[in-house]
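**Student:**
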Ligand SMILES: Cc1ncc(COP(=O)(O)O)c(C=O)c1O
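In the working numbering, the protein residues as written are 144 to 596.
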């Protein structure tokens, strides 16, 4: 519960992301002092189970001693070094470690700071790759419901109207195929009769525009920010095969789902495919420090191999590129992932987690329960039969998440979708707490807000 003590803090200079100002006045941010595994602890000692891995980055839990020590050791050496003509030892070591956990075809690693910048770089690489081959391919194809970050290039390939519509008016909007949104299938298929017809829309776009398309960018297996829309691997396979057929580069945005979240180390593995370009971030440093990478196949990098007369240079680089502190956190994270055999070692836990979700079946308000790996979501509706959305003015999920927080559970719904993306180290006992508490606050919120519907 927002505690009285919080008001002793001054929030007047803060602009909180993804937050309505009035809500932050009513419920000022909770000041967190410590982290311990899946728990974060506020200035009053109150504990909250971090069911969203602090925006999906904390895959091994907060304040993990192994990662903390790695960063500490690096702090005694050097905090940052320019990555041009020089490189820090952890950044160099990390490139080999990333290479070793990725499919062997992905060979060249370009660092940046976060998911959005990894995507910007992927888009630039794809465009320049074609330019270096004397082809002009100025357009990208992406998917409705897609999210690739908040910078302008990344937004141009995103299509969640409340985030993107305004900016699409001003800045270039790309081509969009249907969302693989199984619960509300855009082509009215059911899971039983689906032959990936939603991707006919992608085929139509590729047929018409393929010569102009620099790349197809997608979130493999789960469209995250729009509400954890899990889709079948056969759809992902069709995306790959259509891109191959029409000779279009693939960019897999593994920013959210990479590093084991879906039950495979990288989500593309579900389709048995390797993208031409892959973006990784979030879990890469275990959530310690901002760091991302855009990784490409060698045939792409081949076009950038030139001397000073060739203009074969990627003129891109952020000041903190290859930061050694972040890289040391990432090296330690990959060491842990490897030594802990993630994701294989969490299969039983994932199974337990999925079984627990059945408790939500009894709720009329829960229209869809979807899950893949250590990621699950409940889409709430006003009416199960018609799938009618909840009235916006009910503020249902906002009220629900405040109730959860009051009980020590950090939930952060995406619209009417409540989701769980806890650190992989969560125990079965903590899964019980997460699911049971959500079930209780769901019932309470129904009693309070929706009687009668
Ligand atoms: C699939 C995907 N790509 C890119 C991003 C952007 O990452 P960042 O917020 O680190 O810029 C996100 C963020 O949620 C994401 O989910």
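From the three backbone atoms N, C-alpha and C, an ideal C-beta is built for every residue, glycine too.
If you measure between the beta carbons of residue 434 and residue 389, is that distance less than 8 Å?
**Tutor:** Taking the chain shown and counting its residues from 1, one reaches residue 434 at position 291. Taking the chain shown and counting its residues from 1, one reaches residue 389 at position 246. Contact flag unset, no.
**Student:** For residue 589, I'd like the list of residues in its chain whose CB is within less than 7 Å of its CB, leaving aside the five on either flank, ordered along the chain.
**Tutor:** Within the chain shown, residue 589 is the residue found at index 446, counting from 1. Hits under 7 Å: 508.
**Student:** According to DSSP, is residue 145 part of a helix, a strand, or is it coil?
**Tutor:** Position 2 of the chain shown, counted from the first residue, corresponds to residue 145. Its pLDDT being 47, under 50, residue 145 is placed unreliably by the model, and the measurement read from it follows with that caveat. In this structure, residue 145 counts as coil in the three-state DSSP scheme.
**Student:** Taking only heavy atoms of ligand 1 into account, decide whether any of them is closer than 7 Å to the Cβ of residue 263.
**Tutor:** Looking up residue 263 in the chain shown gives position 120. No, ligand 1 has no heavy atom inside 7 Å of this Cβ.
**Student:** Would you decide whether residue 165 is buried or exposed? Buried here means 16 or more other CB atoms lie within 10 Å of its CB.
**Tutor:** By one-based count along the chain shown, residue 165 stands at place 22. That one is exposed.
**Student:** Is there contact between the region 359 to 375 and the region 556 to 563, where contact requires at least three CB pairs shorter than 8 Å?
**Tutor:** Touching, yes, given that three or more Cβ pairs across the two stretches are closer than 8 Å.
**Student:** When the distance is taken between beta carbons, is residue 468 closer than 8 Å to residue 214?
**Tutor:** Your numbering for residue 214 matches position 71 in the chain shown. Your numbering for residue 468 matches position 325 in the chain shown. Cβ distance < 8 Å, so residue 214 and residue 468 count as in contact.
**Student:** Within its chain, find whatever has a CB closer than 8 Å to the CB of residue 444; leave out the 5 residues flanking it on each side and keep chain order.
**Tutor:** The residue given as residue 444 occupies position 301 in the chain shown. Once the five neighbours on either side are set aside, the close Cβ partners of residue 444 are 250, 251.
**Student:** Which two residues bound the contiguous alpha helix (DSSP H) that contains residue 569?
**Tutor:** The count along the chain shown starts at 1 and reaches residue 569 at position 426. Taken as a continuous stretch (DSSP letters only), residue 569 belongs to no alpha helix (DSSP H), as it is neither H nor E.
**Student:** Within 10 Å of its beta-carbon, does residue 257 have 16 or more other beta-carbons around it, so buried, or fewer, so exposed?
**Tutor:** Taking the chain shown and counting its residues from 1, one reaches residue 257 at position 114. That one is buried.
**Student:** Just list the residues that DSSP pairs residue 494 with in beta bridges.
**Tutor:** Start at 1 with the first residue of the chain shown, and residue 494 comes out as number 351. Partner(s): none; residue 494 has no beta bridge.
**Student:** Contact between the region 401 to 412 and the region 486 to 500 is defined here as three or more beta-carbon pairs at a separation below 8 Å; is this criterion met?
**Tutor:** Yes, since at least three Cβ pairs between the region 401 to 412 and the region 486 to 500 fall closer than 8 Å, the two stretches touch.
**Student:** Here's the rule: buried if 16 or more other CB atoms are within 10 angstroms of the residue's CB, otherwise exposed. What is residue 279?
**Tutor:** By 1-based counting over the chain shown, the position of residue 279 is 136. Burial call: exposed.
**Student:** Would you tell me roughly how many angstroms separate the C-alpha atoms of residue 253 and residue 181, rounded to the nearest one?
**Tutor:** In the chain shown, the residue the question calls residue 253 occupies position 110. In the chain shown, the residue the question calls residue 181 occupies position 38. So the alpha carbons of these two residues sit roughly 31 Å apart.
**Student:** Tell me the residue span of the alpha helix (DSSP H) that contains residue 346.
**Tutor:** Within the chain shown, numbered from 1, the residue matching residue 346 stands at position 203. Segment 343 to 352, the alpha helix (DSSP H) holding residue 346.
**Student:** Let me make sure I understand the geometry here. Which of 241, 226, 285, 425 has the alpha-carbon closest to that of residue 202?
**Tutor:** Within the chain shown, residue 202 is the residue found at index 59, counting from 1. Residue 202 has its Cα closest to that of 425, out of 241, 226, 285, 425.
**Student:** Around the Cβ of residue 158, are there at least 16 other Cβ atoms within 10 angstroms (buried) or fewer (exposed)?
**Tutor:** The residue you call residue 158 lines up with position 15 of the chain shown. Flag for residue 158 reads exposed.
**Student:** Looking at residue 291 and ligand 1, is the gap between the Cβ and the nearest heavy atom below 7 Å?
**Tutor:** Start at 1 with the first residue of the chain shown, and residue 291 comes out as number 148. Residue 291: yes, Cβ under 7 Å from ligand 1.
**Student:** Counting Cβ pairs closer than 8 Å, one from the region 414 to 432 and one from the region 194 to 210, do we hit at least three?
**Tutor:** Segments in contact, yes.
**Student:** Where do the ends of the beta strand (DSSP E) carrying residue 179 lie?
**Tutor:** In the chain shown, counting from the first residue as 1, residue 179 sits at position 36. Its beta strand (DSSP E) spans residues 175 to 179.
**Student:** Buried or exposed: which applies to residue 499, given that a residue is buried once 16 or more other Cβ atoms fall within 10 Å of its Cβ?
**Tutor:** For the purposes of this step, residue 499 is identified with residue 356 of the chain shown, where counting begins at 1. It is buried - the Cβ of residue 499 has at least 16 other Cβ atoms within 10 Å.
**Student:** Between which two residues does the beta strand (DSSP E) holding residue 278 run?
**Tutor:** Sequence index remark: in the chain shown, residue 278 carries index 135 (1-based). Note, residue 278: premise wrong, no beta strand (DSSP E); not H, not E.
**Student:** Just to confirm, are residue 344 and residue 308 a CB contact at a threshold of 8 Å?
**Tutor:** Taking the chain shown and counting its residues from 1, the one referred to as residue 344 is at position 201. Taking the chain shown and counting its residues from 1, the one referred to as residue 308 is at position 165. No; because the gap between Cβ atoms is not below 8 Å, this pair is not in contact.
**Student:** Taking the CB atoms as reference points, tell me whether residue 393 and residue 418 lie closer together than 8 Å.
**Tutor:** The sequence position of residue 393 within the chain shown is 250, counting from 1. The sequence position of residue 418 within the chain shown is 275, counting from 1. Yes, the pair counts as a contact, with Cβ atoms nearer than the cut-off.
**Student:** Taking the beta carbon of residue 338 as the centre, do at least 16 other beta carbons fall within 10 Å, making it buried, or is it exposed?
**Tutor:** In the chain shown, residue 338 corresponds to position 195, counting from 1. Label assigned to residue 338: exposed.
**Student:** Does the region 302 to 318 come into contact with the region 326 to 336, if we say contact requires no fewer than three beta-carbon pairs (one atom in each stretch) closer than 8 Å?
**Tutor:** The region 302 to 318 vs the region 326 to 336: no contact.
**Student:** Where does residue 588 fall in DSSP's three states?
**Tutor:** Start at 1 with the first residue of the chain shown, and residue 588 comes out as number 445. Residue 588: helix per DSSP, three-state reduction.
**Student:** What ranges does the beta strand (DSSP E) occupy inside the region 455 to 499, keeping only unbroken runs of at least 3 residues that lie completely in it?
**Tutor:** Taking only runs of at least 3 residues, no beta strand (DSSP E) segment lies wholly in the region 455 to 499.
**Student:** Buried or exposed for residue 566, please, with buried defined as at least 16 other CB atoms from any protein chain shown within 10 angstroms of its CB.
**Tutor:** On the chain shown, residue 566 is found 423 positions in, with the first residue counted as 1. Answer is buried; the Cβ neighbour count reaches 16.
**Student:** Can you tell me whether residue 208 is buried or exposed, with buried defined as 16 or more other CB within 10 angstroms of its CB?
**Tutor:** One-based indexing of the chain shown puts residue 208 at position 65. Residue 208 is exposed by the Cβ-count criterion.
**Student:** Please confirm whether any heavy atom of ligand 3 lies closer than 7 Å to the CB of residue 398.
**Tutor:** For the structure depicted, ligand 3 is absent and the ligand set comprises only ligand 1.
**Student:** Do the region 546 to 557 and the region 469 to 480 meet, that is, are 3 or more Cβ pairs less than 8 Å apart?
**Tutor:** Counting Cβ pairs under 8 Å, fewer than three are found: no touch.
**Student:** By DSSP, does residue 320 sit in helix, in strand, or in coil?
**Tutor:** Within the chain shown, numbered from 1, the residue matching residue 320 stands at position 177. Strand, per DSSP.
**Student:** Could you check if residue 362 belongs to the surroundings of ligand 1, using beta carbon to heavy atom distance under 7 Å?
**Tutor:** Translated into positions along the chain shown, residue 362 becomes position 219. Result yes, Cβ under 7 Å from ligand 1.
**Student:** CA-CA distance, residue 260 and residue 292?
**Tutor:** Locating residue 260 in the chain shown gives position 117, where the first residue counts as 1. Locating residue 292 in the chain shown gives position 149, where the first residue counts as 1. Their Cα atoms are separated by approximately 8 Å.
**Student:** At 4 residues or longer, and completely inside the region 324 to 406: list those alpha helix (DSSP H) runs for me, N to C.
**Tutor:** Listed in chain order, the complete alpha helix (DSSP H) runs (minimum 4 residues) inside the region 324 to 406 are 343 to 352, 376 to 388.
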